[in-house]
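Written below as C-alpha cells is the structure these notes are about.
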Amino acid sequence: MDKISNITILLCEGPHDTAFLYRVLKTKAYNIYNDSLANLPRIVGEFIESKNKHSEYNKLKIDSLKNDFAPYRILFKEDRLILMYSLGGDRDGKYDADNKRLIILNHYFNDILSNISDSDNYGKAFSSEDFDGNNYKYNFLFFYDADDDKSKKLDIANKYLEKLNLGFHLEHNEIKKMEQYSFGLYIFSNNENKGSLEDILFYMMKKDNDKIFEEAERFYNDFFDETRAKRLVTISKDGDLVDVRKGSVEKDEKKSLICIAGQLQKKGKSNVVVIEDTDYLTLEKIRNNSKLQEIAFFIEDSKV
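Written out as C-alpha cells, the structure reads:
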C-alpha cells in the first residue's frame with residue numbers, strides 16, 4: 001500500500017449496500033486491506049481501537065456485542081484509503097451523542113479543522129509525538145435507499161451537514177468539494193424516485209440469468225405465506241411451552257429472489273455473500289451498465 005494521503009468514508013445503511021459498492025469498486029482496481037490496525041493511518045486505526053476500548057460492555061446485551069466503528073471493509077488504491085461503513089437505517093431523526101454517523105463524521109472532520117486552524121503544528125488535535133506525518137484530505141459520502149420518499153433521505157443527509165455547520169446542502173448524486181475535504185450524497189432508487197438498492201441490483205443480477213430468476217420467482221409465489229413470515233418464538237405460557245408468532249411480516253420479493261438464486265452458487269450464505277461472490281454480477285456487466293458506472297464515477301470523482 002502506498003503512503004495514504006486521502007481517506008474516503010462511505011456511510012451506508014445496510015451490509016447489502018457495502019457489499020454492492022465493494023463489488024463496484026473492485027472493477028476500479030481497488031484492493032482489500034487485510035493488514036493490522038497498527039499499519040493503518042493512526043487517525044483510523046486508533047479511532048477503531050479507542051471506540052472498542054471505551055465500549056461499556058457491562059451495559060451491552062450479549063447479542064449486540066460488536067464494534068460499530070470498525071468498517072465493514074477497507075479498500076485501497078495508490079494513495080487512497082476507503083472505509084466502508086454499514087450503519088443501519090437512519091429513520092429516527094436523532095442527531096445526538098449516540099448517533100454513529102455523527103460520531104464518525106466529527107472524529108474525521110475535527111482532524112480537518114485542526115489542520116486548517118494550526119497547520120504549522122499539525123493542528124490542535126495532535127501533539128508532536130503522536131502526529132503520524134500526514135495532513136489527510138477526506139471525502140465523506142452518504143448512501144441511502146429512497147424507500148417511499150426520496151426527499152426525506154435528502155433531508156436526513158443534509159441535517160448532518162447542518163450539524164457540522166458547513167453552510168451548504170446536497171442533492172442526489174452531487175459532490176461539494178473544498179480544499180481539504182468533499183461531501184457527497186447518492187440515493188438508490190427506481191425510476192419513480194422510490195425503492196432501494198435492490199431496484200438496481202436485482203435487474204443487473206437477473207440479466208443473462210433469466211431462467212434461474214424466473215424459476216426462483218415461481219417458487220417464491222407458490223410458497224410464500226404471510227402467516228409464516230413472522231418470527232416464530234417458543235415461550236412459556238400457563239406452565240407449558242408454546243410456539244407464537246411475533247413481530248411484523250418480513251417481505252421483500254427482490255431480496256428473496258436474490259437469496260434463492262444465490263443458493264445455487266453459495267449454499268447457506270447470506271445475500272451479502274451472494275452479492276460479493278457470485279457470477280450474477282460480473283466485471284463486464286458492471287462496466288457496461290450506465291447506472292453502475294454513475295455510482296463508480298461518483299465515488300472516484302469525490303477525491304480532493
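For the sequence shown, the UniProt record's numbering gives the first residue as 1, with consecutive numbering after it.
A virtual CB, placed ideally from N, CA and C, is assigned to each residue, including glycine.
If you're wondering where the values come from, they're calculated on a predicted model, not measured in any experiment.
By the Cβ criterion, the segment 252-266 is in contact with the segment 198-206, since at least three pairs of Cβ atoms, one from each stretch, lie closer than 8 Å. For Asn173, the closest of Gly45, Lys163, Tyr160 and Phe188 by C-alpha to C-alpha distance is Phe188. Secondary structure remark: continuous alpha helix (DSSP H) runs of at least 4 residues inside the segment 177-237, in chain order: 198-206 and 210-223.
Here Leu283 is exposed, its C-beta having fewer than 16 other C-beta atoms within 10 Å. By the Cβ criterion, the segment 218-233 is not in contact with the segment 161-180, since fewer than three pairs of Cβ atoms, one from each stretch, lie closer than 8 Å.
DSSP lists Cys12 as the beta-bridge partner residues of Ser86. Of the residues Tyr138, Ile74 and Val24, the one whose Cα lies closest to the Cα of Gly45 is Ile74. CA-to-CA, the gap between Ile200 and Gly184 works out to about 20 Å.
As far as DSSP is concerned, Asp17 takes part in no beta bridge. For the pair Asn193 and Ala146, the CB atoms are nearer than the 8 Å cut-off. In the three-state DSSP reduction, Leu81 falls in the strand class (E or B). Remark: three or more beta-carbon pairs, one from each stretch, lie closer than 8 Å, so the segment 6-23 and the segment 77-87 are flagged as touching. At least 8 Å separates the beta-carbon of Asp111 from that of Ile4. In the DSSP assignment, Val273 falls within the unbroken alpha helix (DSSP H) covering Asn271 to Asp277. Residue state for Glu300 is assigned as helix, using DSSP reduced to three classes.
Contact annotation: Glu250 and Ala216 have beta-carbon atoms that are not nearer than 8 Å. The beta carbons of Gln265 and Thr278 sit about 5 Å from each other, so the pair counts as a contact at 8 Å.
Rounded to whole angstroms, Lys77 and Ile32 show a C-alpha spacing of 9 Å. Residue pairing from DSSP places Arg73 in a beta bridge opposite Met84. Glu284 sits in a helix when the DSSP states are folded into three classes. Straight through space, the alpha carbons of Ser196 and Tyr186 are spaced by roughly 12 Å. DSSP places Asn139 inside the beta strand (DSSP E), whose first and last residues are Lys137 to Asp145.
In this structure, DSSP gives Asp35 a state outside helix and strand, which the three-state scheme calls coil. In this structure Arg287 is not in contact with Thr18, their Cβ atoms being roughly 20 Å apart against a cut-off of 8 Å. For Leu154, the enclosing alpha helix (DSSP H) covers residues Lys150 to Lys163. Taking 8 Å as the cut-off, the beta carbon of Leu102 is found closer than this to the beta carbon of Lys163. Per DSSP, Lys254 is one residue of the alpha helix (DSSP H) stretching across Glu253 to Gly262.
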